[in-house]
Amino acid sequence: MIQSMTGYGKTVLQLSTKKITVELKSLNSKNLDLNVRIPSYYREKELDIRKKLASLLVRGKIDFSIYIEDNGGELSSKINEKVVKEYMNQLKSIVDSSEVELLKMAVRLPDSLKTEREELDEEEWLQINKAIDETAVKINTYRFDEGKALHQDFELRISNIENLLEKVIELDPQRMEQVKEKLSKAIAELETKVDQNRFEQELIYYIEKLDITEEKVRLKNHLDYFRKELKSEISNGKKLGFITQEIGREINTIGSKSNFAGMQKVVVQMKDELEKIKEQNLNVL
1 MIQSMTGYGK
11 TVLQLSTKKI
21 TVELKSLNSK
31 NLDLNVRIPS
41 YYREKELDIR
51 KKLASLLVRG
61 KIDFSIYIED
71 NGGELSSKIN
81 EKVVKEYMNQ
91 LKSIVDSSEV
101 ELLKMAVRLP
111 DSLKTEREEL
121 DEEEWLQINK
131 AIDETAVKIN
141 TYRFDEGKAL
151 HQDFELRISN
161 IENLLEKVIE
171 LDPQRMEQVK
181 EKLSKAIAEL
191 ETKVDQNRFE
201 QELIYYIEKL
211 DITEEKVRLK
221 NHLDYFRKEL
231 KSEISNGKKL
241 GFITQEIGRE
251 INTIGSKSNF
261 AGMQKVVVQM
271 KDELEKIKEQ
281 NLNVL
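Per the UniProt record's numbering, residue 1 is the first one in the sequence shown, and the count goes up by one each step.
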């Protein structure tokens, strides 16, 4: 079953001293493009996070974030006495104020307070790691649901191309008859005696060059192959892209050989359906 690369997942973890939100967003990309935003005290786990997400999500432009809302207890702010005293000494030479006023001004300046963090709690990380797994499950569920919609659209477009191919097959005898008539008319207008046997040979040669029998067969095979891959257990957007290229090649060849307005109109419709397939396939994992 195909999957979309577009997805979203979110898990909220409520601990005694903080609320942790794990969020995953995914968009289409040719390769894995992973952006990780986490608090600094989780940085030692970033490599593990990247490995996990790469194995679970495979491909796409992925944004991963961990947001922390503290309820108190984890952070402790203390006055940086050395910095504050230095500020006060400098302020004395600039303004004439009491010690209290100088202190008020000093504590507002940069680095007057220092924040001390506790070391990463491994028990806490186990819970966060579990939340990451849950979020990955959610985004993959989202991707599968989106994939179902893509599958339906692909089936519709492939069916449309198949129906248009039937029209091409119906028009082919009429096309060949018109080609013969055009050539015969052109010879007649020359008012020149023509070797009938040679004319027949040249006509056969010309018609063989315009023959699209092989293209029709190959196009039908490619359409069947595309539909078969849609039902594959593994989502492979790149493989579908390769098949799409082959479908396009056969359609283009039919168009270049058609030499018949009615058939060319049908080919344009086939190309339109194929472009819609290509556009949607950019989102397939």
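Glycine included, each C-beta is placed from N, C-alpha and C at the ideal position.
Here the structure is a predicted model, which means the values were calculated and not measured.
V36: first and last residue of the uninterrupted beta strand (DSSP E) it sits in: Here the beta strand (DSSP E) through V36 covers L32 to R37.
From F260, K220, A149 and Y8, pick the residue whose C-alpha is nearest to that of residue 308; which is it? Past the boundaries of the shown model lies residue 308; the chain is included only from 1 to 285, so the question cannot be answered.
Please report the Cβ distance between L91 and A106, rounded to the nearest whole angstrom; I am assuming they are in contact, meaning their Cβ atoms lie under 8 angstroms. 7 angstroms
Unbroken stretches of the alpha helix (DSSP H), 4 residues or longer, contained in the segment 105–154: none
Give me the Cα-Cα distance between E74 and K19, rounded to the nearest whole angstrom. In this predicted model, E74 has a pLDDT of only 49, less than 50, meaning its place in the structure is not dependable enough to derive any value.
With a floor of 4 residues, list each alpha helix (DSSP H) that falls wholly inside the UniProt domain "Endoribonuclease YicC-like C-terminal" (170–284), ordered by position along the chain. With a minimum length of 4 residues, the continuous alpha helix (DSSP H) runs that stay inside the UniProt domain "Endoribonuclease YicC-like C-terminal" (170–284) are 196–210, 213–230, 237–258 and 261–281.
One question on the structure: do I139 and Y8 come within less than 8 angstroms of each other, judged by their Cβ atoms? yes
Identify every residue that forms a DSSP beta bridge with T17. Bridge partners of T17: none, in fact.
Considering only the alpha carbon of each residue, which of K82, N259 and R43 lies closest to N176? Before going on, a small fix: residue 176 reads as Met here, not Asn. Cα-wise, what sits closest to M176 is N259.
Residues bridged to I68 [DSSP beta-bridge criterion]: I68 is bridged to I20.
Compute the Euclidean distance between the alpha carbons of Q215 and D272, then round it to the nearest angstrom. It is Glu, not Gln, that sits at residue 215 in the sequence shown. Rounded to the nearest angstrom, the two C-alpha atoms are 18 angstroms apart.
Which of helix, strand or coil does DSSP assign to I161? When secondary structure is reduced to three states using DSSP, I161 falls in the helix class.
If I measure Cβ to Cβ from V12 and keep anything under 6 angstroms in the same chain, skipping five residues before and after, which residues do I get? T21
What's the gap between the Cα of Q3 and the Cα of A261? 39 angstroms
Could you work out which residue in I79, M270 and E134 is closest to L109 when comparing CA atoms only? I79
Figure out for me which residue from R59, H151 and V268 has the closest Cα to the Cα of K228. H151
Is I277 near V267, with beta carbons less than 8 angstroms apart? no
Between the alpha carbons of L223 and K265, how many angstroms are there, rounded? Distance between the alpha carbons of L223 and K265: 20 angstroms.
Assigned secondary structure, S40 (DSSP; H/G/I helix, E/B strand, else coil): Residue state, collapsed to three classes: helix.
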